[in-house]
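Chemist: Residue numbers (the working numbering): -8 to 283.
Questions regarding the structure given below will be posed in turn.
In structure tokens:
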């Protein structure tokens, strides 16, 4: 019984620590969430007339000859434009060639046989990344095909956009990225995001939905810990590995929240780590703790 209670408390803390930059939580948050998806696209694209008709999270796009892809969030608007929103916490999954591949498979799966290529709809592949993976210290990056000799855009309707979630500003985009970093729905800027986050984290129905992804999150951490701590299959090695996996999961979550400028009290509440431990992490990262 004690183990179950301890695990339940760990789950509760991690559930509260999830942000929209966490893949599992983001998937549950955006699936069929038209209102939140409209908000994100309207702000990033600066188009207030976008009307989303369909949203699917973790949508599979096949390839007839090679590797298919699973889109984080796929959306279609009232004008037939298609959107792929990808949330990436590491640079490894957010390279330009990944964006190119996603864009190409969207095109390859749109047109039916015999349809004219001129009927291809506009597509947007949008990467929201934890850090500034492009590295030019800009709030947003628009990538368009251009004619090298003239610098003119081809206007072929395929758009790739990168948005660093680390961007801090009092602009609509800055506030949106702040909400992506924020684990607390009660202090989010946009009600369209806060309402769903609050439902998932604070209501009984939401907690039930969150239970599965929280368990998966911990199992992933345990698996990594077991692999490192296991010695010839001994039970004590597995136990040590599991403990290390949980500790590592907490540490990684805390580091991500520190980088995202989440207040230190919220990090302590979400992870159970002491102020001294968080101060040590902030010194290692070279990032000051936010006190309020």
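Where is the CB? At the ideal position from N, CA and C, for every residue including glycine.
Kindly indicate which three-state DSSP category residue 130 falls into: helix, strand or coil?
Modeler: coil
Chemist: In this structure, what does DSSP give as the bridge partners for residue 64?
Modeler: 48 and 76
Chemist: Just curious, the beta strand (DSSP E) that residue 149 is in, first and last residue?
Modeler: 149 to 155
Chemist: Any contact of the stretch 111 to 118 with the stretch 85 to 95, i.e. 3+ C-beta pairs under 8 Å?
Modeler: The answer is yes - the stretch 85 to 95 touches the stretch 111 to 118, with three or more Cβ pairs under 8 Å.
Chemist: Count the other C-beta atoms from every protein chain shown that fall within 10 angstroms of the C-beta of residue 9, then say buried if there are 16 or more, exposed otherwise.
Modeler: buried
Chemist: Thinking C-beta only, is residue 37 closer than 8 Å to residue 68?
Modeler: no
Chemist: Under the DSSP definition of a beta bridge, which residues are partnered with residue 115?
Modeler: According to DSSP, residue 115 bridges with 74 and 150.
Chemist: Using a threshold of 8 Å, state whether the C-beta atoms of residue 46 and residue 31 are closer than that.
Modeler: no
Chemist: Excluding the 5 residues preceding and the 5 following residue 160 in the sequence, name in chain order all residues of the same chain whose CB lies nearer than 7 Å to its CB.
Modeler: 130
Chemist: So, with DSSP's three-state summary, where would you put residue 141?
Modeler: coil
Chemist: Identify, in the order they occur along the chain, each residue of the same chain with its Cβ nearer than 8 Å to the Cβ of residue 143, setting aside the five sequence neighbours on each side.
Modeler: 137
Chemist: So, at 6 Å on beta carbons, what are the nonlocal neighbours of residue 150 in its own chain, with the 5 sequence-adjacent residues on each side left out?
Modeler: Excluding residues within five positions, the ones whose Cβ falls inside 6 Å are 115.
Chemist: Contact check, residue 171 vs residue 11 under 8 Å by CB: the rounded distance?
Modeler: 4 Å
Chemist: If residue 78 sits next to residue 14, beta carbons under 8 Å apart, how far is it from one beta carbon to the other, in whole angstroms?
Modeler: Contact between residue 78 and residue 14 holds: CB atoms are separated by about 7 Å, below the 8 Å threshold.
Chemist: Using a Cβ-Cβ cutoff of less than 7 Å, which residues in the same chain neighbour residue 21 once the five nearest sequence positions on both sides are dropped?
Modeler: Cβ within range, chain order: 27, 28, 46, 48 and 64.
Chemist: Quick check on DSSP: helix, strand or coil for residue 249?
Modeler: helix
Chemist: Got a sec? Which residues, its chain only, sit under 6 Å from residue 132 by beta carbon, not counting five neighbours each side?
Modeler: 125 and 153
Chemist: Residue 89 lies in the alpha helix (DSSP H); which residues open and close that run?
Modeler: Looking at the DSSP string, the run of the alpha helix (DSSP H) that includes residue 89 is 87 to 99.
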